[in-house]
Amino acid sequence: MSAIGEFSSMLVSNAIQPPVLLSAIHYEVGTAVPVGRLLDDNVPIENINELLDKGVQAYSVMQRPLADALRDCTRRSLAETGLSGDDIDTVILVTESFSELFSSKGESASFREVRNRTFDLFYDFGIRRAAIFCATYGGCTNLLQAALTAKALVQQGRARHVLIVAAERFADTGSRLMKEAVSIAGDGVAACVVSVAALGTSRAFTLDFISLAPYKNMQPGGDMANLLLEMFRALKNAAADCYEALHRQPRHYSWVVLGDYNRQTSLTYSKLLGFQPEKTFLDNVGRLGHIPFDPLINLADLAESRRVKSDDALLLFMCGPISCGALSVTAC
């Protein structure tokens with residue numbers, strides 16, 4: 074078991090803890106832009122065809138300010154749970170798009186200005202007594218770090234309700250292209266609440282176990298094949314942590330949810346991890362681009378589609394630049 078997985082187990086080993094739930098997931102994505110439009114940005118036709126061959130048809134581009142979308146998603150999550158701002162004890166912002174949060178064309182702001190405007194944004198919701206901090210630098214594992222922290226805070230009685238908000242937007246085509254992964258990044262915003270109660274929402278999942286697995290043999294500029302092998306090794310270790318902690322195997326899971334890089338990657342990784350293709354959630358693959366926290370979006374869509382029943386177990390995977398992880402949840 075990984076060190077972080079072991080630490081998570083130690084937090085709950087001395088007493089029976091109430092389940093911690095993630096609920097009220099709301100998200101917003103931008104306009105779906107066809108991959109063919111990349112020609113207008115002088116992307117080589119060979120790269121575009123490679124994306125199309127892997128099932129990547131479009132990507133999400135958000136036109137309005139991220140902060141506006143963040144406000145709307147937060148408002149919907151609070152409304153669904155019936156919580157007021159005073160009920161929120163901690164806010165975790167999941168982002169690496171600091172320069173994009175409040176920007177408009179030709180405008181730039183310092184990190185301190187962005188931080189203070191973020192405080193003001195939540196203050197306007199009446200969230201005036203909460204600790205507010207950021208999960209960043211982890212790429213797609215930022216969401217896992219946020220969920221792990223939120224769960225620990227709630228289980229230890231340090232917070233009643235934790236609001237997680239995620240927001241990412243990419244400034245230009247060059248920052249979107251993910252050549253090694255044969256994918257393209259998309260824009261999006263999401264919000265959810267972590268607490269010990271489902272708060273009357275029909276879209277709730279218990280956070281059963283969260284495991285983070287660092288890459289051990291990564292070399293900057295190294296061979297891509299070795300990089301993929303190391304990522305897969307770490308993914309298997311993260312999954313094994315979940316299986317060991319929960320006494321489960323792949324057959325016990327109704328769905329496996331991965332990042333939406335491309336269709337071939339999703340199917341290949343799920344097969345190597347021991348899951349059948351029909352258990353792999355593919356609805357958004359190739360449709361929105363790879364939004365760094367897209368497993369959360371996929372979880373919301375699965376619940377909305379009514380393909381998840383009460384007590385169904387789901388396993389989510391996320392890969393970052395230096396580590397990956399797995400999140401095992403059960404539908405309520």
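For reference, each letter of the sequence shown is one residue, going 74 to 405 in our numbering. Backbone N, C-alpha and C define an ideal beta-carbon position, used for all residues, glycine too.
Counted as a single uninterrupted DSSP element, the stretch harbouring L361 is not any alpha helix (DSSP H), since DSSP gives it neither H nor E. The alpha-carbon of L156 is positioned some 40 Å away from that of G128. Contiguous alpha helix (DSSP H) elements confined to the segment 290–354 occur at 297–319, 336–345, taking only those with 4 or more residues. In this chain, S248 is not harboured by any beta strand (DSSP E); it is covered by the alpha helix (DSSP H) spanning 246–249.
Judged by their CB atoms, R336 and V358 are nearer to each other than the 9 Å cut-off. E153 and D356 have their alpha carbons spaced roughly 25 Å apart. Boundaries of the beta strand (DSSP E) harbouring D281: 277–287, taken from the DSSP string. Within the DSSP bridge table, the entry for Y196 names no partner. About 6 Å separates the beta carbons of A386 and H325, which is inside the 8 Å limit, making them a contact pair.
Distance from the CA of V167 to the CA of L216, rounded to the nearest whole angstrom, comes to 6 Å.
In the three-state scheme derived from DSSP, where H, G and I count as helix and E and B as strand, T168 is classed as coil. Judged by beta-carbon spacing, S96 lies beyond the 9 Å limit of V330, meaning their Cβ atoms are not closer than that value. With a threshold of 16 other beta carbon atoms within 10 Å, T104 falls short and is exposed.
If the five residues before and after V134 are omitted, its C-beta is found closer than 7 Å to the C-beta atoms of G103, T104, V106, D260, all from its own chain and listed in chain order. At a Cβ-Cβ threshold of 9 Å, I200 and L250 do not count as neighbours. In the three-state reduction of the DSSP assignment, I161 falls in the coil class, being assigned neither a helical nor a strand state. The Cβ-Cβ distance between A312 and S284 falls below 9 Å. Close CB contacts of E169 within its chain, under the 8 Å cut and outside five residues either way in sequence, are with T209, Y210, G212, N215, E241, P365 (chain order). Minimum Cα-Cα distance from T163 among the listed residues F171, R149, R202 corresponds to R202. Across the set I165, T403, R144, Y334, the C-alpha of Y334 shows the shortest separation from the C-alpha of I257.
As the crow flies, the alpha-carbon of A264 is around 20 Å from that of R231. In terms of Cβ geometry, I165 and H234 do not form a close pair [threshold 9 Å]. The continuous alpha helix (DSSP H) containing L124 extends over residues 118–126. Using a Cβ distance threshold of 9 Å, A399 and A277 do not count as a contacting pair. Taking each of V108, A204, I121, Y100 in turn and checking the Cα distance to L139, the smallest one comes out for Y100. Residue pairing for A204: DSSP places it in a beta bridge opposite T163. V262 is a Cβ neighbour of V238, given a cutoff of 9 Å.
The alpha carbon of R144 has as its nearest neighbour, out of R110, T353, G109, D197, the alpha carbon of D197.
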